[in-house]
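Peer 1: Please read through the structure below; I'll follow up with questions.
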């Protein structure tokens, strides 16, 4: 995590405090992950509203939808329901800043990195789009921050109906010495940096596969509907959806988020078993794309096999190993080891809920030749086609269960 932040040139794009005081990582790892059972109902509630808003298909006609655009907005809404709560999660101005923050910081970094070190401070002051986003977002979140400060003064560390969201967790973790609005807002936007585009890209890849192969809608529905009818939308019910989980994991294996993963920096000279010297300070990455497309690792590795991992989980002792959020040396979209993405469990549950809701509520297909839109590559990033459209049609009410969709 620290190496990734360093690559973003935080002194110029974010603020050095982000790098020096990383309490936000512990908040994500502890509060967000452990809180999934309690916060998932809010995610579901926001998804049900946002999906119909951004995919307003009707029962008797097909609607063309720019999937990447729609999923980005849906993910931003659902994630920020947990990050900042209502009503801030529906503030269009704030959401636009949260969405653009990632692109602005990355663009700032690319510009700064194109100059020699002696010029970076000058160039850094000239760009500063990421810092501009922080400046614009601060007054939007300030009323909510100030209200919570007043509650703390009145009641102490706990009070009636105290918010259970990322903003409150950040404020609690920061303590009184690090409570500037800007410091908190920087971290809220950094959490969005990690959440919105990675998750929306991942779900877009999956929807493209599903639209190319609508025959998989029925087996997914046959798995999802009885589970929800019995247990409702809970973390426990999400865990039982093996085919849905496998669909997302396989899509992420085949497409990936980046060509590489596991960015590490050598803290000292290292000599490998074959004699190769890795000097101190060297940046290293794992070849994620090559691993995920190796036939010696995955049978027919270039083929999309949606239930590949569901079948693997049927073997004794393998049920947990091949879950969407689990990592291994052969599956590294989320990284691996103690520095694996701390928010992956939340992301996995959010994406499973979102795909399940779409599967239950819509028929989908591709127009034209019916072939999945080709991926794009930008640097080491692997991106779904941002301009591709998928056809959606709302399922007839008679074919769905009121209990499932509630």
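Numbering (the numbering used here), first residue to last: 459 to 864. Built from N, CA and C at the ideal position, the CB exists for glycine as well. As the structure is a prediction and not an experimental result, all values here were calculated from the model.
In terms of residues, what are the limits of the alpha helix (DSSP H) holding residue 767?
Peer 2: Counting along the chain, the alpha helix (DSSP H) containing residue 767 begins and ends at 766-770.
Peer 1: In whole angstroms, what separates the C-alpha of residue 591 from that of residue 556?
Peer 2: Spanning the two alpha carbons is a distance of roughly 8 angstroms.
Peer 1: Quick check on DSSP: helix, strand or coil for residue 756?
Peer 2: Residue 756: coil per DSSP, three-state reduction.
Peer 1: Any chance you could list the alpha helix (DSSP H) runs of at least 4 consecutive residues sitting entirely within the segment 794-851, in chain order?
Peer 2: Entirely contained in the segment 794-851, the alpha helix (DSSP H) runs reaching 4 residues are, in chain order, 802-819.
Peer 1: With DSSP run on the structure shown, which of helix, strand or coil describes residue 703?
Peer 2: Three-state result, residue 703: helix.
Peer 1: Measure the C-alpha to C-alpha separation of residue 609 and residue 804 and round it to an integer number of angstroms.
Peer 2: Cα to Cα, residue 609 sits roughly 28 angstroms from residue 804.
Peer 1: Could you compute how far the alpha carbon of residue 616 sits from the alpha carbon of residue 494?
Peer 2: Taking the straight line joining both Cα atoms gives about 21 angstroms.
Peer 1: I'd like the span of the alpha helix (DSSP H) that includes residue 722, first residue to last.
Peer 2: Here residue 722 belongs to no alpha helix (DSSP H); instead the beta strand (DSSP E) covers 719-723.
Peer 1: Is it buried or exposed for residue 810, if we count other Cβ within 10 angstroms and need 16 for buried?
Peer 2: It is buried - the Cβ of residue 810 has at least 16 other Cβ atoms within 10 Å.
Peer 1: Beta carbon of residue 534, beta carbon of residue 654: below 8 angstroms?
Peer 2: Contact flag set, yes.
Peer 1: Of all the options 837, 603, 717, 736, which has the alpha carbon lying nearest to the alpha carbon of residue 725?
Peer 2: Comparing Cα-Cα distances from residue 725 to each of 837, 603, 717, 736, the minimum goes to 736.
Peer 1: Using only the alpha-carbon positions, how far apart do residue 588 and residue 647 sit?
Peer 2: In a straight line, the C-alpha of residue 588 is about 9 angstroms away from that of residue 647.
Peer 1: Quick check on residue 627: buried or exposed, where buried means 16 or more other Cβ atoms within 10 Å of its Cβ?
Peer 2: When all chains shown are included, residue 627 counts as buried.
Peer 1: Can you tell me the Cα-Cα spacing of residue 862 and residue 742, whole angstroms?
Peer 2: Reliability fails at residue 862, whose pLDDT of 47 lies under 50, so the model's placement of it is uncertain and the value that follows must be treated cautiously. Using only the alpha carbons, I get a separation of about 47 angstroms.
Peer 1: For residue 542, which of helix, strand or coil comes out of DSSP?
Peer 2: Looking at residue 542 - three-state DSSP - the assignment turns out to be coil, as it is neither helix nor strand.
Peer 1: Between residue 651 and residue 560, is the Cβ-Cβ spacing less than 8 angstroms?
Peer 2: Yes, these two residues count as a Cβ contact at 8 angstroms.
Peer 1: Is it the case that the segment 665-682 contacts the segment 629-644, given that we only count it when at least three CB pairs across the two stretches are under 8 angstroms?
Peer 2: At 8 angstroms Cβ cutoff, the stretches do not touch.
Peer 1: Could you spell out the range, first to last residue, of the alpha helix (DSSP H) harbouring residue 593?
Peer 2: First-last of the alpha helix (DSSP H) with residue 593: 587-613.
Peer 1: Give the range of the beta strand (DSSP E) segment to which residue 518 is assigned.
Peer 2: Neither: residue 518 is in no beta strand (DSSP E) and is coded neither H nor E.
Peer 1: How long is the line joining the alpha carbons of residue 734 and residue 720, rounded to whole angstroms?
Peer 2: Near 19 angstroms, if we compare the C-alpha coordinates of residue 720 and residue 734.
Peer 1: Give the DSSP bridge partners of residue 524, in chain order.
Peer 2: For residue 524, which the question treats as bridged, DSSP gives the partners 847.
Peer 1: Distance, Cα to Cα, residue 846 vs residue 690?
Peer 2: About 33 angstroms.
Peer 1: Between the C-alpha atoms of residue 554 and residue 787, what's the straight-line distance to the nearest angstrom?
Peer 2: Those two C-alpha atoms are separated by around 36 angstroms.
Peer 1: Work out the CA separation of residue 507 and residue 596 for me, nearest whole Å.
Peer 2: Looking at the two C-alpha atoms, the distance is approximately 26 angstroms.
Peer 1: Between which two residues does the beta strand (DSSP E) holding residue 741 run?
Peer 2: Start and end: 741-744.
Peer 1: Identify every residue that forms a DSSP beta bridge with residue 735.
Peer 2: BP columns for residue 735 point to 729.
Peer 1: Which residues share a DSSP beta bridge with residue 716?
Peer 2: Answer is 839.
Peer 1: Any chance the segment 829-848 sits against the segment 679-688, with 3 or more Cβ pairs inside 8 angstroms?
Peer 2: Verdict: no, contact absent.
Peer 1: Here's a check: name, in chain order, each residue in its chain whose Cβ is nearer than 6 angstroms to the Cβ of residue 850, leaving out the five neighbours to either side.
Peer 2: Hits under 6 angstroms: 513, 515, 521, 523, 820, 822.
Peer 1: If I follow the unbroken alpha helix (DSSP H) through residue 662, where does it start and stop?
Peer 2: It spans 639-670 - the alpha helix (DSSP H) in which residue 662 sits, taken as one unbroken run.
Peer 1: Report yes if the C-beta distance between residue 624 and residue 541 is below 8 angstroms; otherwise report no.
Peer 2: A contact, by the Cβ cut-off of 8 angstroms.
Peer 1: Would residue 794 be called buried (16 or more neighbouring beta carbons within 10 Å of its own) or exposed?
Peer 2: Buried.
Peer 1: Within the continuous alpha helix (DSSP H) that includes residue 630, where are the two ends?
Peer 2: Element bounds for residue 630: 624-632.
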